[in-house]
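Engineer:
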Amino acid sequence: MLHVSGPGCSSIGYGATQEIGPFIVDTNGHGLKYNPYSWNKEANMLFLESPVGVGFSYSNTTNDYHIIGDEFTANDSYAFLHKWFLMFPSYRKRAFYIAGESYAGKYVPELAELTIDKNNDPSLHIDLKGILLGNPETSDAEDWRGLVDYAWSHAVISDETLKIIRGSCNFDSNDTWSNGNCTEAVDELIKQYKEIDIFSLYTSVCIGDSASSDGRFTKIMYRPSSKKMPRIMGGYDPCRDKYAKAFYNRPDVQKALHASDGHVLKNWSTCNKKIFEEWSDSKKSVLLIYRKLIARGLKIWVYSGDTDGGVSVLSTRYSLSSLGLPITRTWRPWYHQKQVFTQFKNMQKT
Numbered sequence: 028m029l030h031v032s033g034p035g036c037s038s039i040g041y042g043a044t045q046e047i048g049p050f051i052v053d054t055n056g057h058g059l060k061y062n063p064y065s066w067n068k069e070a071n072m073l074f075l076e077s078p079v080g081v082g083f084s085y086s087n088t089t090n091d092y093h094i095i096g097d098e099f100t101a102n103d104s105y106a107f108l109h110k111w112f113l114m115f116p117s118y119r120k121r122a123f124y125i126a127g128e129s130y131a132g133k134y135v136p137e138l139a140e141l142t143i144d145k146n147n148d149p150s151l152h153i154d155l156k157g158i159l160l161g162n163p164e165t166s167d168a169e170d171w172r173g174l175v176d177y178a179w180s181h182a183v184i185s186d187e188t189l190k191i192i193r194g195s196c197n198f199d200s201n202d203t204w205s206n207g208n209c210t211e212a213v214d215e216l217i218k219q220y221k222e223i224d225i226f227s228l229y230t231s232v233c234i235g236d237s238a239s240s241d242g243r244f245t246k247i248m249y250r251p252s253s254k255k256m257p258r259i260m261g262g263y264d265p266c267r268d269k270y271a272k273a274f275y276n277r278p279d280v281q282k283a284l285h286a287s288d289g290h291v292l293k294n295w296s297t298c299n300k301k302i303f304e305e306w307s308d309s310k311k312s313v314l315l316i317y318r319k320l321i322a323r324g325l326k327i328w329v330y331s332g333d334t335d336g337g338v339s340v341l342s343t344r345y346s347l348s349s350l351g352l353p354i355t356r357t358w359r360p361w362y363h364q365k366q367v368f369t370q371f372k373n374m375q376k377t
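With this note's numbering as the guide, the letters of the sequence shown map in order to residues 28 to 377.
1. From the DSSP output, in three-state form, read off residue 33 for me.
2. Are the beta-carbon atoms belonging to residue 101 and residue 134 less than 8 Å from one another?
3. Determine the direct distance from the alpha carbon of residue 199 to that of residue 174, and round the result to whole angstroms.
4. Quick one: Cα of residue 315 to Cα of residue 349, how far?
5. State the start and end residues of the unbroken beta strand (DSSP E) segment that holds residue 52.
6. Using 8 Å as the Cβ pair cut-off and three pairs as the minimum, do the stretch 137-146 and the stretch 288-300 touch?
7. CA-CA distance, residue 223 and residue 32?
8. Would you kindly work out how many angstroms separate the C-alpha atoms of residue 366 and residue 161, rounded to a whole number?
9. Can you give me the C-alpha to C-alpha distance between residue 272 and residue 56, rounded to a whole angstrom?
10. For residue 351, tell me which candidate among 325, 360, 321 and 369 has the shortest Cα-Cα distance.
11. Kindly indicate which three-state DSSP category residue 74 falls into: helix, strand or coil?
12. How big is the Cα-Cα spacing for residue 216 and residue 269?
13. Are the CB atoms of residue 74 and residue 125 within a distance shorter than 8 Å?
14. Considering just the uninterrupted stretch of the alpha helix (DSSP H) at residue 356, what are its terminal residues?
15. Would you tell me roughly how many angstroms separate the C-alpha atoms of residue 127 and residue 48, rounded to the nearest one?
16. Excluding the 5 residues flanking residue 289 on each side, which residues of the same chain have their C-beta closer than 8 Å to its C-beta?
17. Taking the alpha carbon of residue 99 as the reference point, which residue from 368, 309, 371 and 37 has its own alpha carbon closest?
18. Taking the alpha-carbon of residue 116 as reference, which of 154, 89, 341 and 140 has the nearest alpha-carbon?
19. Considering residue 111, what are the terminal residues of the alpha helix (DSSP H) in which it resides?
20. Can you tell which of 372, 357, 360 and 319 has its C-alpha closest to the C-alpha of residue 329?
21. So what does residue 326 bridge to, in DSSP terms?
22. Among 96, 121, 219 and 118, whose alpha-carbon lies nearest the alpha-carbon of residue 131?
Here it is as structure tokens:
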């Protein structure tokens, strides 16, 4: 299974060492500790720093940093996959899945689409079975409606702010941010998340981070003047961003990873804001790609944490509902060790 993060955020820093890898970073970056929830108990995991400029990844072609976007990332990631399977041919015939979270909800389906298109050439065939998407950005309009409704339903914004947003913001428009009232109201919404954890509403924040220029809450990227959709970068944990940064900037770690000689160090960070600023293309929706993948027999598993306000469970529900797929099994509990962990349902292609 391939795992990617995004946009401009490290799959190693988040996925591998904060979330689902075999080890997670320990307090203050002193080392690694065993992760009892690692996905490698079920599958071989491959974490990719994509696109170039994320984590320790780099390009010797300066122009690459100025053309980064969805299409570039999909092509670059596919080039990596193809070369990886050439180097490790014993894995080529194994069932393969692509997973990602947050903005990877856009370019995981795009990478999957590119992979099945390339599979028309038998020499390039990858046995892609499906994709897994966690709290994924899927459709700009539905993602924004979900973010706003979630913030209001969880008392993050006032009734007045909700009324202004609903009355002035047309999230289906290509020019959403030209409306000053809309921009101001969304500004107010984003401002509320600077003191609470947007990725886990009911947990404590990392003390000291909120005042730091490197704090995870300053990673709320919002540039209405550029008419880009605001982007909330990164993944969840109050303090592990800080721990990961300390760990990967250690001379012995960089030397062990062959990222530097241990003397002239690379400046590693969980997210590269310049990549966000240079992002050149972004699909408004990947729902048409969903339909294509489903028609080709791929499985899609979308899971959403219900205390994440960034790409909320409402955004996921709105997006998937718009597909109009028939429900094969009704909404029901998911049990783990005789306890209810979440709710889920199954859909199938029409």
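All residues carry an ideal CB built from backbone N, CA and C; glycine is no exception.
Everything numeric in this text was worked out from a predicted model, so none of it was measured.
Structural biologist: On the basis of the coordinates in this document:
1. Three-state DSSP puts residue 33 in coil, outside helix and strand.
2. Yes. Within cutoff.
3. For the pair residue 174 and residue 199, the Cα-to-Cα distance works out to about 14 Å.
4. Straight-line spacing of the CA atoms in residue 315 and residue 349 works out to 11 Å.
5. Residues 50-52.
6. Taking 8 Å as the limit for Cβ pairs, the verdict is that the stretch 288-300 does not touch the stretch 137-146.
7. Whole-angstrom Cα-Cα distance: 22 Å.
8. In this structure, the alpha-carbon of residue 366 lies about 22 Å from that of residue 161.
9. Answer to the nearest angstrom: the Cα atoms are 7 Å apart.
10. Distances from the alpha-carbon of residue 351 to those of 325, 360, 321 and 369 put 321 closest.
11. Of the three classes helix, strand and coil, the one that applies to residue 74 here is strand, per DSSP.
12. Rounded to whole angstroms, the gap between the alpha carbons of residue 216 and residue 269 is 25 Å.
13. Contact flag unset, no.
14. That residue, residue 356, is in no alpha helix (DSSP H); its beta strand (DSSP E) goes 354-363.
15. Approximately 13 Å between the Cα atoms of the pair.
16. 278, 279, 281 and 282.
17. Looking from the CA of residue 99, the closest CA among 368, 309, 371 and 37 belongs to 309.
18. The shortest Cα separation from residue 116 among 154, 89, 341 and 140 belongs to 154.
19. It spans 97-114 - the alpha helix (DSSP H) in which residue 111 sits, taken as one unbroken run.
20. Closest in alpha carbon position to residue 329, among 372, 357, 360 and 319, is 372.
21. Looking at the DSSP assignment, residue 326 forms a beta bridge with 157.
22. Looking at 96, 121, 219 and 118, the one whose alpha-carbon comes closest to that of residue 131 is 96.
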